[in-house]
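Contents: one structure, followed by commentary.
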C-alpha cells in the first residue's frame with residue numbers, strides 16, 4: 001500500500017500492527033465491524049495483533065480474522081511492542097493502539113494511529129500518534145480510503 005502525502009513523506013506500508021484491548025475490543029469483546037474491515041485490509045497488508053490479552057479472549061475473538069496473533073509476556077510490554085515493529089521494519093508499518101504500552105510503537109512506525117474509545121487512551125500515546133480517532137472502524141476505514149489520510153496529514 002503506497003500513500004503519497006502532499007508536502008510530507010510518501011508511505012509504503014506492508015504491515016498493520018494492532019493492539020487488542022481498548023483498540024479492537026472493549027472488555028475483551030471484539031467491536032462490531034472490526035472483523036470485516038481487518039479481513040479486507042489483509043488483502044493488501046500483513047496483519048498482526050500484538051496484545052497483553054488482559055481478558056484472555058483474543059484468540060477466540062479473532063478466530064475468523066485474517067491476522068497473526070502475538071501474546072506478549074509480562075513486563076516491559078512497551079519495549080516488546082516497539083521491538084516487534086522494528087523486526088518487521090518499522091518504516092513499513094502502520095500501527096493502531098490506545099494504551100501506554102502502545103506509545104513507543106506508535107512513535108516508531110511510519111504511521112501511528114491512536115484510538116480513544118470506551119476504555120480511553122493514555123495521553124502519552126495520543127502525543128506519539130500521527131492521527132487520532134474515536135472509533136476503530138473509522139481508523140480502519142482510513143486505510144481503505146487513503147485520500148482521507150492525505151487530507152489529514154498534508155502540510
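Residue numbers (my numbering): 1 to 155. Where a beta carbon is used, it is the ideal one built from N, C-alpha and C, also for glycine.
Item: Delimiting residues of the alpha helix (DSSP H) encompassing residue 116; Value: Unbroken run through residue 116: none, as it is neither H nor E.
Item: Pairwise C-alpha distance: residue 123 and residue 115; Value: 11 Å
Item: Assigned exposure category for residue 108 - 16 Cβ within 10 Å defines buried; Value: buried
Item: Contact under 7 Å by Cβ, residue 20 with residue 88; Value: no
Item: Rounded Cβ spacing between residue 26 and residue 118 (contact assumed at less than 8 Å); Value: 5 Å
Item: With 16 other Cβ atoms within 10 Å as the buried cut-off, status of residue 129; Value: buried
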